[in-house]
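Colleague: Structure in C-alpha cells, see below.
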Amino acid sequence: MSELTALQDRALAELNACSDEAALRAWNTKYFGKQGEVVLAVKKVGSVPPAERRAYGQHANQVKETLTKAHEERDALLKEQALERSLTTEGLDVTLPGRPVPRGRLHVATKVLREIYAIFSDLGFQIYRSREVEDDLTNFELLNMPPHHPARDLWDTFHTTTPGVLLRTHTSPGQIHVMRELAPRPIRVILPGMCYRYEQITVRSEIQFHQVEGLAIGDHVTMADLKGTIITFARRLFGAERQVRIRSSYFPFTEPSIEVDMDCILCAGKGCALCKGSGWLEIMGAGMVHPVVLRNGGYDPAKCSGFAFGMGPQRIAQLKYAIDDIRLYWGNDLRFLSQF
Ligand code: PHE
-1 MSELTALQDR ALAELNACSD EAALRAWNTK YFGKQGEVVL AVKKVGSVPP AERRAYGQHA
59 NQVKETLTKA HEERDALLKE QALERSLTTE GLDVTLPGRP VPRGRLHVAT KVLREIYAIF
119 SDLGFQIYRS REVEDDLTNF ELLNMPPHHP ARDLWDTFHT TTPGVLLRTH TSPGQIHVMR
179 ELAPRPIRVI LPGMCYRYEQ ITVRSEIQFH QVEGLAIGDH VTMADLKGTI ITFARRLFGA
239 ERQVRIRSSY FPFTEPSIEV DMDCILCAGK GCALCKGSGW LEIMGAGMVH PVVLRNGGYD
299 PAKCSGFAFG MGPQRIAQLK YAIDDIRLYW GNDLRFLSQF
C-alpha cells in the first residue's frame, strides 16, 4: 500500500515537471504504457494475500484514477499555454495578401458577339436565332444553289447519316427562316450563330466558328443602305477614322455581290504584316438579296429589295485583339482566355 502511495507521489511530481507534449507522452508511456508502472501495479492485485486484496485493489484504482485525471489536466494546460505562446510571439500578419479566388468571365467570342449586337441594335436590327442543324434545301437550294450546282463547292459540308440533313455551313439559311416567318413585312435582323465546315484546321480556319448574318428587306433598300450600314458598323467597332473598300465578288444568293475590306487597323493602309502589305483587311461578304431568294422567302422581287451580309466575328476579333491563331478560341487554354 505504501508503495502505491509512493508511486502516486512520484508520478505526480514528474507530471508537473513535464513542460511540453513530448515529455507528457514519455510520462504516459512510463506509467500507462503496456509495461507502465500503474498498469503493473493494478495487475499486481492477483499476487496480494487475499485478506489485503480488496483494500489494495481499491487503492490501486484510486491511484490510477488520480493520475489519469492529473494527466488530462496537465495536457489541457500545456495545450493552452502553447496556443497562448503562438498568439503572442508569432502573431497574425493581417497585412499578408489573401489568396485570390479565381473568377469566371465571358469568353472573348461572346464579348465580341455582344459588342456586335449592341452596334446593330442601335441601327434598329433585331437578333434572330436559327438552327445549327439544317436541311440541304435551306442551306443550299432555297439560297439559289440547286443540287450539283458547282457553287456548293464554296463550302465543305458536314453531312449527317440522315440524307439531306447537315450542319449549316453558314448563317445564310437563317435568311429563309426569317423571311418565311415575317413576309411580307419589312425585315431588319442580324442572325448570329455557330457554323460548321469540314475544312483543314489552320491559323485562319476552324471547323466550327461563329457568323453574324445581316438581312434588311423593304420597299426601297439599296446598295447605298448596305454601304452605310457596313461603314457605320466598322467605325463603331474599330474607330471613327476607318475607311471601307468594296470589291465585286460572287455569291449565289446575292446579286450583285461584294466583298468588304477595311483599311488596316495597324498601319492605316500603308501596308504591314497584318494586312500582308495590302493595306486592307477583309471583314465580310455581302450583296443585294438575289430575286430568287426573295421569292423563296415569300417576297415579290418586283416590289421590294434587300441587302444581306455575313461576317466571321472570330476573324474580326482577331483583328481587334491581334489574335494570331483562330484555334485559340476553342482550345480552352486559360492562359489565352483570361486575357480578355
Ligand atoms: N454566307 C456567305 C459565306 O458564308 C457570306 C454572305 C452572307 C455573303 C450574306 C453574302 C450575303 O461565305
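Residue numbers (my numbering): -1 to 338. Using N, Cα and C, we set each Cβ at its ideal position, and we do this for glycine too. As the structure is a computational prediction, the values presented were derived from the model and not from experiment.
1. Starting from Gln79, trace the alpha helix (DSSP H) both ways and give me its first and last residue.
2. Hey, would you say Met286 sits closer than 8 Å to Glu253, going by beta carbons?
3. Would you kindly report the start and end of the unbroken alpha helix (DSSP H) that includes Asp217?
4. Taking the alpha-carbon of Ile324 as reference, which of Leu332, Arg313, Asp18, Asp73 has the nearest alpha-carbon?
5. Return yes when the C-beta of Gly172 is under 7 Å from any heavy atom of ligand 1, and no when it is not.
6. Taking the alpha-carbon of His288 as reference, which of Leu235, Glu113, Ile174 has the nearest alpha-carbon?
7. Excluding the five sequence neighbours on either side, which residues of its own chain have a C-beta within less than 6 Å of the C-beta of Asn294, listed in chain order?
8. Ligand 1 and Gln209: does any heavy atom of the ligand fall closer than 7 Å to the residue's C-beta?
9. Please confirm whether any heavy atom of ligand 1 lies closer than 7 Å to the CB of Ala214.
10. Are there three or more Cβ pairs, one per stretch, closer than 8 Å when the stretch 59 to 70 is compared with the stretch 30 to 43?
11. Is Ala284 a contact residue of ligand 1, with contact defined as CB to any heavy atom under 7 Å?
12. At the level of alpha carbons, what is the spacing between Phe30 and Ser336?
13. Any chance you could list the beta strand (DSSP E) runs of at least 3 consecutive residues sitting entirely within the stretch 164 to 218, in chain order?
14. Determine the extent of the alpha helix (DSSP H) in which Thr159 is found, giving its start and end residues.
15. Taking 6 Å as the limit between beta carbons, can you name the residues of its chain near Thr155, skipping five residues before and five after?
16. For a test of your reading of the model: does the CB of His168 fall under 7 Å from any non-hydrogen atom of ligand 1? Yes or no.
17. Kindly give me the distance between the Cβ atoms of Leu94 and Pro190, rounded to whole angstroms, as I take these residues to be in contact under 8 Å.
18. Ligand 1 and Ser128: does the residue's C-beta get closer than 7 Å to at least one heavy atom of that ligand?
19. Who are the Cβ neighbours of Ile256 in its own chain at under 7 Å, not counting the five residues just before and after it?
20. On a Cα-Cα basis, can you pick out the residue from Ala49, Gly269, Gly212 that is closest to Phe305?
21. Would you say the stretch 194 to 209 touches the stretch 146 to 160, given that touching needs at least three Cβ pairs under 8 Å?
22. Which parts of the stretch 256 to 318 are runs of the alpha helix (DSSP H), unbroken and 4 residues or longer, counting only runs that do not cross its ends?
23. For Asn137, count neighbouring Cβ atoms within 10 angstroms of its own Cβ and tell me buried if that reaches 16, exposed if not.
Modeller: Let me spell this out:
1. The count along the sequence shown starts at 1 and reaches residue 79 at position 81. Note, Gln79: alpha helix (DSSP H), 48 to 83.
2. Start at 1 with the first residue of the sequence shown, and residue 286 comes out as number 288. Start at 1 with the first residue of the sequence shown, and residue 253 comes out as number 255. Note that the C-beta distance between Met286 and Glu253 is below 8 Å.
3. Sequence index remark: in the sequence shown, residue 217 carries index 219 (1-based). From DSSP, Asp217 is part of no alpha helix (DSSP H); its letter is neither H nor E.
4. Start at 1 with the first residue of the sequence shown, and residue 324 comes out as number 326. That would be Arg313, whose Cα lies nearest to the Cα of Ile324.
5. Mapped onto the sequence shown, residue 172 falls at position 174. No.
6. Position 290 of the sequence shown, counting from 1, holds the residue named residue 288. The candidate whose alpha carbon is nearest that of His288 is Ile174.
7. Numbered from its first residue, the sequence shown carries residue 294 at position 296. Setting aside the 5 residues that flank it on each side, Asn294 is surrounded in the same chain by Leu140, each with a C-beta closer than 6 Å to its C-beta; the list follows chain order.
8. The residue given as residue 209 occupies position 211 in the sequence shown. Gln209 Cβ: within cutoff of ligand 1.
9. Counted from its first residue, the sequence shown places residue 214 at position 216. In this structure, ligand 1 has no non-hydrogen atom nearer than 7 Å to the beta-carbon of Ala214.
10. The stretch 30 to 43 and the stretch 59 to 70 touch, with three or more beta-carbon pairs separated by less than 8 Å.
11. Mapped onto the sequence shown, residue 284 falls at position 286. Within the cutoff, so yes.
12. Here residue 30 is taken as the residue at index 32 of the sequence shown, counted from 1. Here residue 336 is taken as the residue at index 338 of the sequence shown, counted from 1. Each residue's Cα considered, the two are about 60 Å apart.
13. As summarised for the stretch 164 to 218, the continuous beta strand (DSSP E) elements at least 3 residues long and confined to that stretch are 185 to 194, 206 to 216, given in chain order.
14. Looking up residue 159 in the sequence shown gives position 161. No alpha helix (DSSP H) contains Thr159, which DSSP labels as neither H nor E.
15. The residue labelled residue 155 in the question sits at position 157 within the sequence shown. Cβ within range, chain order: Leu164, Thr167.
16. Translated into positions along the sequence shown, residue 168 becomes position 170. Yes, since a heavy atom of ligand 1 falls inside the 7 Å radius drawn around the Cβ of His168.
17. For this step, residue 94 is matched to residue 96 along the sequence shown. For this step, residue 190 is matched to residue 192 along the sequence shown. No, Leu94 and Pro190 are not in contact; Cβ-Cβ is about 46 Å, not under 8 Å.
18. The residue given as residue 128 occupies position 130 in the sequence shown. Every heavy atom of ligand 1 is 7 Å or more from the Cβ of Ser128, so no.
19. Counting from 1 along the sequence shown, the entry for residue 256 is found at position 258. The answer, listed in chain order, is Ile244, Arg245, Ser246, Ser247, Ala284, Gly285.
20. Against the sequence shown, residue 305 aligns to sequence position 307. Checked all of Ala49, Gly269, Gly212; the closest Cα to Phe305 is Gly212.
21. Contact holds: three or more Cβ-Cβ distances are below 8 Å.
22. Counting whole runs of 4 or more residues, the stretch 256 to 318 contains the alpha helix (DSSP H) stretches 289 to 294.
23. Taking the first residue of the sequence shown as position 1, residue 137 is located at position 139. With 16 or more Cβ atoms within 10 Å of its Cβ, Asn137 is classed as buried.
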